[in-house]
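Residue numbers (the working numbering), protein chains in the order written: chain A, -2 to 528; chain B, -2 to 528. Glycine included, C-beta positions come from ideal geometry on N, C-alpha and C. Have a look at the structure below, then the notes.
Number of protein chains: 2
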Amino acid sequence: MADEIRPVMSRRDMFSLIGALAGSAVMYEAMSSLAYAGEAGYAGPPKLSGDVKGATVLILGSGLAGMTSAYELRKAGYKVKILEYQDRPGGRNWSLHGGDTYTELGGFTQHVAFDKGLYLNPGPWRIPYHHQGILHYCKLLNVPLEPFVQSNYNAYVHSTKAFGGKPQRFRHVQADYQGYVAELLAKSTRQTALDQAVTKEDQEILLQSLRSWGALDKNYEYKLGEASSERRGYESDPGGGLTSVPTPSQPIGLQDLLHSGLWRSIGAGSGYETQQSLFQPVGGMGAIGKAFGAELKGVIQYNAKVTDIRQDAHGVTVTYHDTKTGGAPRQATADWCICTIPASVLSQIPITVGAPMKAAIDNLSYGASAKVGLQFKRRFWEEDDNIYGGITYTDQPNSLLGYPNHGYFGGGKGVILGAYTFGPAAYAFSSLSPQERIEKSLEYGANIHPQYRREFDTGASVAWHRVPWTLGCAGSWTEALRARHYDDLCALDGRIMLAGEHASRIPAWQEGAVLSALDAIRRLHQRVLAG
Amino acid sequence: MADEIRPVMSRRDMFSLIGALAGSAVMYEAMSSLAYAGEAGYAGPPKLSGDVKGATVLILGSGLAGMTSAYELRKAGYKVKILEYQDRPGGRNWSLHGGDTYTELGGFTQHVAFDKGLYLNPGPWRIPYHHQGILHYCKLLNVPLEPFVQSNYNAYVHSTKAFGGKPQRFRHVQADYQGYVAELLAKSTRQTALDQAVTKEDQEILLQSLRSWGALDKNYEYKLGEASSERRGYESDPGGGLTSVPTPSQPIGLQDLLHSGLWRSIGAGSGYETQQSLFQPVGGMGAIGKAFGAELKGVIQYNAKVTDIRQDAHGVTVTYHDTKTGGAPRQATADWCICTIPASVLSQIPITVGAPMKAAIDNLSYGASAKVGLQFKRRFWEEDDNIYGGITYTDQPNSLLGYPNHGYFGGGKGVILGAYTFGPAAYAFSSLSPQERIEKSLEYGANIHPQYRREFDTGASVAWHRVPWTLGCAGSWTEALRARHYDDLCALDGRIMLAGEHASRIPAWQEGAVLSALDAIRRLHQRVLAG
């Protein structure tokens, strides 16, 4: 049966082999010839065939990694059980709705008062099209998905230090930057500055392409006119009947544009993880965790706070407290353990693993990040600004405004992601009370949308360093840390295997948690069959 | 009451005035200071106040222009009636569903056999965020909208003459083109070729921006590595656990890229009319026409074929045939007439208007265009290719493949827009039978998706030159034609006013029809009040 779980030659290995044997030209040809197939290489969950002879697996944590592990192992014949600290499944896959209560470290308790159907995703909020692992489970669990909008050309990019602090439309900065780049390169090309880099014939094609791509005029200039307005929009749009002659819009000057720094804010839509198409579950990201939890009803024991993890040659023993009913510490035992507790928390729990894994756990720090959701009485971003979904970027500490990607044109209230902080700003936000975080978010947001104060209704926030069950948002790997500790973190240590986004190369993404789990159970199963 | 309908000074006029009085710097400042307000300038339907004294308006055609006119005029107190040639409202706002029957000129009848919930939009299929006129009526009529995806980075761009005819991922061509442009401009900048165009200080900022925007490495080169793969995607994606090291993907060579011509296919997502966000009605574009028709129940007389339009000093008399019940020609009379019959058809109907309007009607030609919808048994583009919505472009006559922007991940069947032809290709498609159009679409599409033949189920097509009630898809204005005839087409000729997309500067878009109608009724109302 072992052949069933032998990894087939990966595409990567095959190409390397072809490259070594036949040279890079043939390798490239081979790669091209496979262009029909998806590159992502996600081939579905591993097939865990073979007799597992009643083996038991104790899984710590019912986040996506824990539940993925439990689901697949149960299917393969293992007896599985999950111990979960919280009273709900999902972990960081989580949405805050009206009626929810959340208490953070420091003691602040928030009673979320969003209207029905509105929510904040404190953690993950989008799923790229190539994250086929998490998408697989969305399909399997019948979690309906809807498009997530990253780039909205009518949203704003904003710098307090440019244009008198007035927000600019994304489309203006995007079109103007692209236009000037095209104009300057066309100029260089025509001045023969590129004769060594590009053949004369190719220069002609390049010029032709720059004109169409950059919206240049017949003189290869990017300037006020129909071509540029057909990208950045008109000052006054073409219309109907007799009052309809359009007025082109004036591009921002090149120098103003460069000095504004706003070109930093136009790239997300072309990044691999944030390019179209992206998705979000209908009703909030937490829908995935809920569906997974329902599927695993009876497998998950909630309110179980793990305080000790031990293994010997025969099995694993985990000590935990029932935080709801109280009483004496209890113990759960199993042949194997998959531990998805974040390293930030796990480093504080006694665990009998070898020094390399322990060092990996202890050395991985967790990022700070905070999110603030602001409910407004009116969807003024749609009604006044014609912004339907997507993101406005700002150089203020709140970093961005995420408009809701659902309920378009429906009128009524809406929840904006009013802050998504990183780095030093995240520490600053974490030091504030939930109420102060909302106040700060309103202050920053009002510099972009003057309607903010008048329309504000209620808010909620999560600062991840204060979340009792993660103490941070995600594993914060550096290249050096990874080189030293990553393999040790992921190795099977006796009878214990770790899994989670931190045990992946896609940290902070749900896909990392899922793929980490799939790799962990594949290797665990291999070990079990090996006896 | 006349002051209520006096047009306020337009933003355009105001800026021109400021420019003339104070110079362009101040004008630009004034424009910037208004940046908070929407630029589109759509201020809602005109307020038609005043006593219309029972005036009657006969409207010809229940497309969007006709129904917009009827809705607003009725609200203002006019007695309105619409004569419609077809047995349904909407005109080119139209979706073909299973069970529909459509007979084109030449006699071909199609019995559409799409599954429930699947459809082809033969005409308009997307609504840009700034088309606030049509969006206004969607809101008013409670037509739910969902995102339309234009650019999908994982869809294909395809040329039969490049890469051995193999389709390339949009993200590869997009990232590589942008990367090389950035690299070449960085090279020119560092070679001081741009010293006259960009100051030394700005060159530093330009280089910094090119590196981040173009995904260049530390030497300002666009090449195989993490930076470029974070745009174009990896050969093998980063993953979880121990089998997770990513392999970067190999960019296409600059020369191959330029010669492929595929850079022509990456621009749509940045165009003003096709940039994010865009929308489509849930269930097909025809939902708008249906909702409008329901709202105007009793106002629209269907199956009325207009054969003569006459006016004199006292009113308008229209002769029509009831194509359903037959019998003698009938007549309808009114004080005023808004005629939305396409000029292509109207030029063949006797009408008493002055020579200038008649010349305008007779000189406007209508574009050819054909669309083919192909239902497949399986959504292989999602399941095999990870393409969720959006468009694949090809240099074949079918021009593009539009993937359905609804029912993602739902499995089951789906309808691809298998051809959307323009120009000579549209004439070629129009000359074919519906069955032959489907066959051609399958032939072209199979060069991109080998699954096409095996998965094909059923299809439908509309070639607009063969549509009995439009004889073309939209008014085909040239600059010269517009200069000579446009104002005459839109003028109030006695008691007759034309409206429709052809009477706008946004031809072929529904917004043109709506804004044309709003301008027409505003001017008609002005005339009525003037007595």
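Legend entry - Amino acids of chain A, ordered along the chain, whose beta-carbon sits closer than 7 Å to that of B/E476: Close to B/E476, with beta-carbon spacing below 7 Å, lies no residue of chain A; the smallest spacing is near 11 Å.
Legend entry - Cα-Cα separation between A/H155 and A/K163, rounded to whole angstroms: Put simply, the backbone Cα of A/H155 is about 7 Å away from that of A/K163.
Legend entry - Residue interval of the beta strand (DSSP E) (run including B/S366): S366 to F373 is the span of the beta strand (DSSP E), which, as asked, contains B/S366.
Legend entry - Candidates A/L429, A/E292 and A/R479, of which the one nearest A/W461 by Cα: Minimum Cα distance to A/W461 is reached at A/L429.
Legend entry - contact_flag[the stretch 292 to 303 of chain B, the stretch 102 to 110 of chain B] where n(CB pairs < 8 Å) is 3 or more: Inter-segment contact for the stretch 292 to 303 of chain B and the stretch 102 to 110 of chain B is absent: fewer than three beta-carbon pairs are separated by less than 8 Å.
Legend entry - Endpoints, the alpha helix (DSSP H) within which B/Y227 is located: The sequence given here has Glu at residue 227 of chain B, not Tyr. E223 to R229 is the span of the alpha helix (DSSP H), which, as asked, contains B/E227.
Inset, instruction - Would you decide whether A/Y157 is buried or exposed? Buried here means 16 or more other CB atoms lie within 10 Å of its CB. - result: Note that residue 157 of chain A is Thr in the sequence shown here, rather than Tyr. Exposed: under 16 other Cβ atoms inside 10 Å.
Legend entry - Opposing strand residues paired with B/R307 [DSSP bridges]: Answer is B/T314.
Legend entry - For A/P421, the first and last residue of its enclosing alpha helix (DSSP H): Note, A/P421: alpha helix (DSSP H), G420 to S427.
Legend entry - Cβ neighbour criterion (16 or more within 10 Å) applied to A/A480: Exposed, since its Cβ has fewer than 16 Cβ neighbours within 10 Å.
Legend entry - Neighbour flag for B/S274 against chain A, beta carbons, 7 Å: Nearest CB-CB separation between B/S274 and chain A: below the 7 Å threshold.
Inset, instruction - State yes or no: is the beta carbon of B/Q252 nearer than 7 Å to at least one beta carbon in chain C? - result: Here chain C cannot be found, since the structure's protein chains are A and B.
Legend entry - Proximity test, Cβ basis, 7 Å: A/P353 and chain B: Chain B places no beta carbon closer than 7 Å to that of A/P353, leaving this residue out of the contacts.
Legend entry - For B/Y82 and B/Y449, the rounded distance between their alpha carbons: Computed Cα separation, rounded: 37 Å.
Legend entry - For A/E232, the three-state DSSP class (helix, strand or coil): In this structure, A/E232 counts as coil in the three-state DSSP scheme.
Legend entry - Cα-Cα separation, B/D214 to B/R208: A straight line joining the alpha-carbon of B/D214 with that of B/R208 spans about 7 Å.
Inset, instruction - Compare the Cα-Cα distances from A/R434 to each of A/I445, A/Y217 and A/A422 and report the closest residue. - result: With distances taken between Cα atoms, A/R434 lies closest to A/A422.
Inset, instruction - Determine the contact status of A/L102 and A/L80, defining contact as a CB-CB distance below 7 Å. - result: Going by beta carbons, A/L102 and A/L80 fall outside the 7 Å limit.
Inset, instruction - Please confirm whether B/W260 and A/S148 have their CB atoms less than 7 Å apart. - result: Contact: no.
Legend entry - A/I306 versus B/I445: straight-line alpha-carbon distance, rounded: Between the alpha carbons of A/I306 and B/I445 lies a distance of about 54 Å.
Legend entry - Cut-off 7 Å between Cβ atoms - residues of its own chain near A/L489, not counting five sequence neighbours on either side: Result list for A/L489: R520, L521 and R524, in chain order.
Inset, instruction - Give, in chain order, every residue of the stretch 165 to 180 of chain A whose Cβ lies closer than 8 Å to some Cβ of chain B. - result: Listed by position along the chain: Q165, R166, R168, Q171, A172, Y174, Q175, V178 and A179.
Legend entry - Proximity below 7 Å, CB of A/A331 to CB of A/L55: Remark: C-beta atoms of A/A331 and A/L55 approach each other more closely than 7 Å.
Legend entry - Any chain B beta carbon closer than 7 Å to A/P245: Chain B contact via Cβ: absent.
Inset, instruction - Ignore the nearest five residues each way along the sequence and tell me which others in A/F419's own chain have a CB closer than 7 Å to its CB. - result: Contacts found: S366 and S396.
Inset, instruction - Please compile the residues from chain A whose C-beta is within a distance smaller than 9 Å of the C-beta of B/G472. - result: For B/G472, there are no neighbours in chain A by C-beta distance under 9 Å, as the nearest C-beta there is about 12 Å away.
Inset, instruction - Determine the contact status of B/P243 and B/L221, defining contact as a CB-CB distance below 7 Å. - result: No, they are not a contact pair.
Legend entry - Buried/exposed call for B/D253, threshold 16 Cβ in 10 Å: Exposed, since its Cβ has fewer than 16 Cβ neighbours within 10 Å.
Inset, instruction - Starting from A/P235, find everything on chain B with Cβ-Cβ shorter than 7 Å and list it in chain order. - result: The contact set of A/P235 on chain B, defined by CB atoms closer than 7 Å, consists of R502 and I503 in chain order.
Inset, instruction - May I have the straight-line CA-CA distance separating A/C334 from A/K78, to the nearest angstrom? - result: Answer to the nearest angstrom: the Cα atoms are 10 Å apart.
Legend entry - Inter-stretch contact (C-beta, 8 Å, three-pair minimum) for the stretch 62 to 74 of chain B and the stretch 483 to 500 of chain B: Flag = yes, the stretch 62 to 74 of chain B and the stretch 483 to 500 of chain B touch.
Inset, instruction - List the residues of chain A that B/E292 touches, going by C-beta distances under 9 Å, in chain order. - result: Those within 9 Å of B/E292 in chain A number zero; the least Cβ separation is about 17 Å.
Legend entry - Identified DSSP bridge partners for A/K78: Its beta-bridge partners are A/L55.
Legend entry - B/D382 classed as buried or exposed, judged by whether at least 16 other C-beta atoms fall within 10 angstroms: Residue environment for B/D382: buried (at least 16 other C-beta atoms within 10 angstroms of its C-beta).
Inset, instruction - Give the interface partners of A/P144 over in chain B, defined as CB-CB distance under 9 Å, in chain order. - result: Near A/P144 (Cβ distances below 9 Å), the residues of chain B are E143, P144, V146, Y385, G386, N402 and Y405.
Legend entry - Bridge partners - B/M354, DSSP secondary structure assignment: Looking at the DSSP assignment, B/M354 forms no beta bridge with any residue, so it has no partner.
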